[in-house]
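Asker:
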Amino acid sequence: MLAYQHAYHAGNFADVHKHLGLFHLLEALTRKSSAISFVDIHAGRGLYPLAATETQKLAEYREGVERLWRRRQALAAEPALGAWLARLATLQSGPALECYPGSPWWLGDALRPQDRLTLYELHPGEHQHLDTQMTTSINAQRLHADGLKGLCQRLPVPTPRLCALIDPSYERKEEYREVVDTLVQVVRKVRHAVVMIWYPLLPAGRHLTLLEGLREAHIPKLWRSEITLREANAERGMYGSGLVLLNPPWQLDQTLDNAFDTLAPLLAERAVHHGEWWTAER
Ligand code: SAM
Numbered sequence: 006m007l008a009y010q011h012a013y014h015a016g017n018f019a020d021v022h023k024h025l026g027l028f029h030l031l032e033a034l035t036r037k038s039s040a041i042s043f044v045d046i047h048a049g050r051g052l053y054p055l056a057a058t059e060t061q062k063l064a065e066y067r068e069g070v071e072r073l074w075r076r077r078q079a080l081a082a083e084p085a086l087g088a089w090l091a092r093l094a095t096l097q098s099g100p101a102l103e104c105y106p107g108s109p110w111w112l113g114d115a116l117r118p119q120d121r122l123t124l125y126e127l128h129p130g131e132h133q134h135l136d137t138q139m140t141t142s143i144n145a146q147r148l149h150a151d152g153l154k155g156l157c158q159r160l161p162v163p164t165p166r167l168c169a170l171i172d173p174s175y176e177r178k179e180e181y182r183e184v185v186d187t188l189v190q191v192v193r194k195v196r197h198a199v200v201m202i203w204y205p206l207l208p209a210g211r212h213l214t215l216l217e218g219l220r221e222a223h224i225p226k227l228w229r230s231e232i233t234l235r236e237a238n239a240e241r242g243m244y245g246s247g248l249v250l251l252n253p254p255w256q257l258d259q260t261l262d263n264a265f266d267t268l269a270p271l272l273a274e275r276a277v278h279h280g281e282w283w284t285a286e287r
């Protein structure tokens, strides 16, 4: 059963970590002209008006994107964050931050005529929001279907390159394992696929199933990044955010290290970033 709705968490510190990483990944990938099939396995709604009742309930964006938005003038010349904030500004109708964009928007924004974008969303209500919010582009499609299965079924893709975002809600603990199994299938069929996986750092430590599973599966060339806000504490829930990147473009690890080292202390006084190669090149 799907209960998770991303609107309750839109724009939080983990979204900033993920979408800033995605932004730099897309920038690096689109430097070369060859066509890319982008697949967003867990799309969510696409756009999140911050005034929405769900988003106001927890108002997690105040500890996330709003912290950067308030300092955007000072950060404008900062290479890692300035361009991201400038793109975010193009979505607002004025100087106030009114709407936070999800992964479908960031992917759609980077799409070139030669590329394709497929958005999967399994939750009927969330898919309906996505359907009504995203503008229709000739090379983008939205599917009300299981994205992990859908990705495997569409391999190999018709374009020279593939880039997928795997961003489950991890409502079921089996999802950590399903992500590993999916990545194994992707690598088997498209060795040079570029994949970004997001995972939460929770006191139960289930993300280790994912990380260790990836190593045990001998998947090469994985870089990972974690932003930790505080010590793990059973009463306070998610204490950090993690990303794994398969086959990141050349030097993206350094770009992201710099970006996230700058980002972490802006999110929380004690927040730290750690980036490392999780598995080596074959
Ligand atoms: N990627 C979005 C973003 O960055 O804006 C947020 C996605 S949210 C964390 C996870 C979404 O995946 C939820 O909307 C959930 O309904 C959807 N979902 C869960 N399992 C799915 C599956 N197997 N296939 C497609 N969508 C799924």
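Quick note: to get our numbering, add 5 to the position in the sequence shown (first position is 1).
For each residue, glycine too, the CB sits at the ideal point set by N, CA and C.
Being a predicted model, the structure only gives us computed values, none of them experimental.
Using a Cβ distance threshold of 8 Å, determine whether the stretch 180-194 contacts the stretch 155-164, with at least three qualifying pairs required.
Answerer: yes
Asker: Using a Cβ-based criterion (distance less than 8 Å to any ligand heavy atom), does L80 qualify as near the ligand SAM?
Answerer: Sequence index remark: in the sequence shown, residue 80 carries index 75 (1-based). Outside the cutoff, so no.
Asker: Report yes if the CB atom of A15 is closer than 9 Å to the CB atom of Y53, and no otherwise.
Answerer: For the purposes of this step, residue 15 is taken as the residue at position 10 of the sequence shown. For the purposes of this step, residue 53 is taken as the residue at position 48 of the sequence shown. Yes, Cβ-Cβ distance for A15 and Y53 is below 9 Å.
Asker: Just verifying my parser: in three-state terms, what is the DSSP assignment at L96?
Answerer: Here residue 96 refers to the residue found at position 91 of the sequence shown. DSSP places L96 in coil when its eight states are reduced to three.
Asker: Which residues in the same chain as K178 place their Cβ atom closer than 6 Å to its Cβ, once the five residues preceding and following it in sequence are excluded?
Answerer: For the purposes of this step, residue 178 is taken as residue 173 along the sequence shown, with counting starting at 1. The answer, listed in chain order, is R211.
Asker: Apart from the five residues on each side of it in sequence, which residues of its chain come closer than 7 Å, Cβ to Cβ, to N252?
Answerer: By one-based count along the sequence shown, residue 252 stands at place 247. These residues qualify, in order along the chain: H197, A198, V199, K226.
Asker: Per the DSSP calculation, A169 is bridged to which residue(s)?
Answerer: One-based indexing of the sequence shown puts residue 169 at position 164. For A169, which the question treats as bridged, DSSP gives the partners V44, V200.
Asker: Using a Cβ-Cβ cutoff of less than 8 Å, which residues in the same chain neighbour A91 once the five nearest sequence positions on both sides are dropped?
Answerer: In the sequence shown, counting from the first residue as 1, residue 91 sits at position 86. Excluding sequence neighbours, A91 sits near A81.
Asker: Run the proximity test for E126: is its beta-carbon closer than 8 Å to any non-hydrogen atom belonging to the ligand SAM?
Answerer: Residue 126 sits at position 121 when you count from the first residue of the sequence shown. For the ligand SAM, at least one heavy atom lies less than 8 Å from the Cβ of E126.
Asker: Is Y105 closer than 9 Å to H47 when the C-beta atoms are compared?
Answerer: Position 42 of the sequence shown holds residue 47. Position 100 of the sequence shown holds residue 105. It is not a contact, given that the beta carbons lie outside the stated cut-off.
Asker: Could you give the C-beta distance for N144 and R121, rounded to a whole number, given that I count them as a contact under 8 Å?
Answerer: Along the sequence shown, one-based indexing puts residue 144 at 139. Along the sequence shown, one-based indexing puts residue 121 at 116. That pair is a contact at about 5 Å.
Asker: I'd like to know whether the C-beta atoms of H29 and L248 end up nearer to each other than 9 Å.
Answerer: Reading the sequence shown from its first residue, position 24 is the one you call residue 29. Reading the sequence shown from its first residue, position 243 is the one you call residue 248. No; because the gap between Cβ atoms is not below 9 Å, this pair is not in contact.
Asker: Return helix, strand or coil for G155, following the three-state DSSP convention.
Answerer: Here residue 155 refers to the residue found at position 150 when the sequence shown is read from its first residue. Helix at G155.
Asker: So what does DSSP say about R121, is it helix, strand or coil?
Answerer: On the sequence shown, position 116 is the one that residue 121 refers to. If DSSP states are grouped into helix, strand and coil, R121 belongs with the strands.
Asker: Exposed or buried, which one is P109 when buried takes at least 16 other CB atoms within 10 Å?
Answerer: Working through the sequence shown from its first residue, we reach residue 109 at position 104. Buried.
Asker: Taking 8 Å as the line, does the beta carbon of P109 fall inside it for any heavy atom of the ligand SAM?
Answerer: Counting from one through the sequence shown, the residue named residue 109 turns up at place 104. Yes, the beta carbon of P109 sits closer than 8 Å to at least one heavy atom of the ligand SAM.
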